[in-house]
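When you line the sequence shown up against mature numbering (1 follows the signal peptide of the UniProt record, and there is no 0), it's residues -19 to -1, 1 to 171, in that order.
Report on the following structure.
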Amino acid sequence: MNLASIALLSVAMSTDAFAAAVSKGAALDKPHWREALRTGAIFGSIEAATPVIGWLLGAAASDYVRVWDHWIAFTLLGVLGAKMIWEGLKHDDDREPPVSRHGFLTLALTGLATSIDAMAVGVGLAFLDESIGPIALSIGFTTFVAVTLGVMLGRALGSAIGKRAEVLGGLLLIGIGSAILYEHLTVLPA
């Protein structure tokens, strides 16, 4: 993967966490930078770890599916992208009363739920024999920044922007999957 693809993948992986962070920020009485940084660190750490776990699982199976790797990556990214778009377009009227701080377990579970797609991406990257370290670090750092900003923006902007970000992330995932498929289908045999 080139730097542009890694950057786009990192942004796509962080958008669902950003959307969750906006809603978490909107639920806070008065979000402070301390709480935003804490939330960003929790989400970013989880988002960096899950593609590594997925990559390890995918690497164990990669010899068996190397012929189909580009189709698997295309399908996984396409399905995840479509799911993100679907979630971004759903209406969410369940508002909780404002709180001063979210509990660690609540944030960790939310972070894990928003990082399942990153685990699936890790599986796909193992099939493509990509080095996961720099990609996982990029995803984790991008998520940390996005979530920190999302919490601070949440109170002011509400959940509308979070949903739009999730739709954009889904479109980016579908685009990356399509580019992977195109790249592998257009390579001329040696």
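Backbone N, C-alpha and C fix where the C-beta goes; we use that ideal spot for every residue, glycine too.
With 16 or more other Cβ atoms from the protein chains shown falling within 10 Å of its own Cβ, Thr95 counts as buried. Thr129 sits in a helix when the DSSP states are folded into three classes. When the beta-carbon positions are compared, Ser(-10) and Phe55 stay at least 8 Å from each other.
Thr95: member of the alpha helix (DSSP H) spanning 85 to 108, first to last residue. Taking each of Asn(-18), Ala(-13), Leu(-17) in turn and checking the Cα distance to Ile120, the smallest one comes out for Ala(-13). Between the alpha carbons of His51 and Leu153 lies a distance of about 17 Å. Around the beta carbon of Pro115, fewer than 16 other beta carbons sit within 10 angstroms, so the residue counts as exposed.
Contact check between the region 84 to 103 and the region 9 to 18: fewer than three CB pairs, one atom from each, fall below 8 Å, which does not count as touching.
Rounded to whole angstroms, the separation of the alpha carbons of Leu166 and Ala17 is 43 Å. Distance from the CA atom of Gly92 to the CA atom of Gly131, rounded to whole angstroms, is 13 Å.
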